[in-house]
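Student: FYI, the numbering for the sequence shown is 20 to 167, going by the numbering used here.
Just so it is clear, CB atoms sit at the ideal spot from N, CA and C, and this is done for glycine as well.
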Amino acid sequence: MRSLPKFAFIIPACVALAACSSIAKEQTKFQTKTLADGSTLHYNVNVAPTKAWGCRRVGKTLTDSWGAVQTKAQFHFGGPVEYMAGEGVDYLNKNPVHANYMNINLPADVSVADVEVTAFKKAHVYFYQCKKINPENRLGRQSGVEIS
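1. What three-state label does DSSP hand Gln148 in the structure shown?
2. Under three-state DSSP, which class holds Gly78?
3. Could you spell out the range, first to last residue, of the beta strand (DSSP E) harbouring Asn63?
4. Under 8 angstroms, do Leu125 and Leu54 count as touching if we go by C-beta distance?
5. Quick one: residues in its chain with C-beta nearer than 7 angstroms to the C-beta of Glu106, no 5 flanking neighbours on either side, listed in chain order?
6. Please report the residue range of the alpha helix (DSSP H) in which Thr170 lies.
7. Would Tyr147 and Tyr62 be called neighbours here (beta carbons separated by less than 8 angstroms)?
8. Following the continuous beta strand (DSSP E) through Lys70, name the residue where it begins and the one where it ends.
9. Given this structure, state the Cα-to-Cα distance separating Phe96 from Ser84, to the nearest angstrom.
10. Taking Cβ positions, are Gly86 and Ala118 nearer each other than 8 angstroms?
11. Return helix, strand or coil for Ala142, following the three-state DSSP convention.
12. What's the C-alpha gap between Cys149 and Lys52?
13. Look up Lys113 in the DSSP assignment and say whether it is helix, strand or coil.
14. Which partner residues does Asn119 have in the DSSP bridge list?
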């Protein structure tokens with residue numbers, strides 16, 4: 020009986036590991052924050068606006084290393100998402116760019132042999148001014164939020 024080479028199991032294992040590790044976490048519930056001027060800011064994680072929303076990017080992109088975000092988030096209740104949302108709201112309160120949607124773009128968790136390598140990637144916050152924010156349509160439903 021002929022046996023398989025010793026390395027034959029490595030390739031399928033690597034493919035499976037890469038497929039599982041590269042799946043980004045997408046939060047399905049849109050959240051809102053109220054800015055200092057009383058306007059409402061909608062935000063979500065890893066959900067870029069669609070063309071139907073009629074958005075344009077405004078302001079600068081906030082960028083921080085994911086390792087630093089995780090470390091700073093340990094001192095804030097709510098974890099990394101709430102920390103980045105807070106940073107975005109602080110920026111918008113200081114710089115009135117009239118954004119009404121914020122996309123918090125977090126890197127997918129990636130580990131190699133139980134060692135996390137995501138810490139070296141970047142987390143980004145993008146700001147948009149949108150005519151219609153339609154989170155349900157993005158998630159396969161039909162209603163939306165009209166912006167006047």
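Tutor: Based on what the coordinates show:
1. For the purposes of this step, residue 148 is taken as residue 129 along the sequence shown, with counting starting at 1. Strand.
2. Mapped onto the sequence shown, residue 78 falls at position 59. Strand at Gly78.
3. Sequence index remark: in the sequence shown, residue 63 carries index 44 (1-based). Unbroken beta strand (DSSP E) run through Asn63: 59-64.
4. Position 106 of the sequence shown, counted from the start, is the residue given in the question as residue 125. Position 35 of the sequence shown, counted from the start, is the residue given in the question as residue 54. Result no, Cβ atoms of Leu125 and Leu54 do not sit closer than 8 angstroms.
5. Start at 1 with the first residue of the sequence shown, and residue 106 comes out as number 87. These residues qualify, in order along the chain: Leu81, Val144.
6. Coverage of the chain is limited to positions 20 through 167, which leaves residue 170 absent and any answer about it impossible.
7. Your numbering for residue 147 matches position 128 in the sequence shown. Your numbering for residue 62 matches position 43 in the sequence shown. No. Outside cutoff.
8. Start at 1 with the first residue of the sequence shown, and residue 70 comes out as number 51. Where Lys70 is concerned, there is no enclosing beta strand (DSSP E), given that its DSSP letter is neither H nor E.
9. In the sequence shown, residue 96 corresponds to position 77, counting from 1. In the sequence shown, residue 84 corresponds to position 65, counting from 1. Distance between the alpha carbons of Phe96 and Ser84: 19 angstroms.
10. On the sequence shown, position 67 is the one that residue 86 refers to. On the sequence shown, position 99 is the one that residue 118 refers to. No, they are not a contact pair.
11. In the sequence shown, the residue the question calls residue 142 occupies position 123. Looking at Ala142 - three-state DSSP - the assignment turns out to be strand.
12. Counted from its first residue, the sequence shown places residue 149 at position 130. Counted from its first residue, the sequence shown places residue 52 at position 33. Distance between the alpha carbons of Cys149 and Lys52 is about 16 angstroms.
13. Taking the sequence shown and counting its residues from 1, one reaches residue 113 at position 94. Looking at Lys113 - three-state DSSP - the assignment turns out to be helix.
14. Locating residue 119 in the sequence shown gives position 100, counting from the first residue. According to DSSP, Asn119 bridges with nothing at all.
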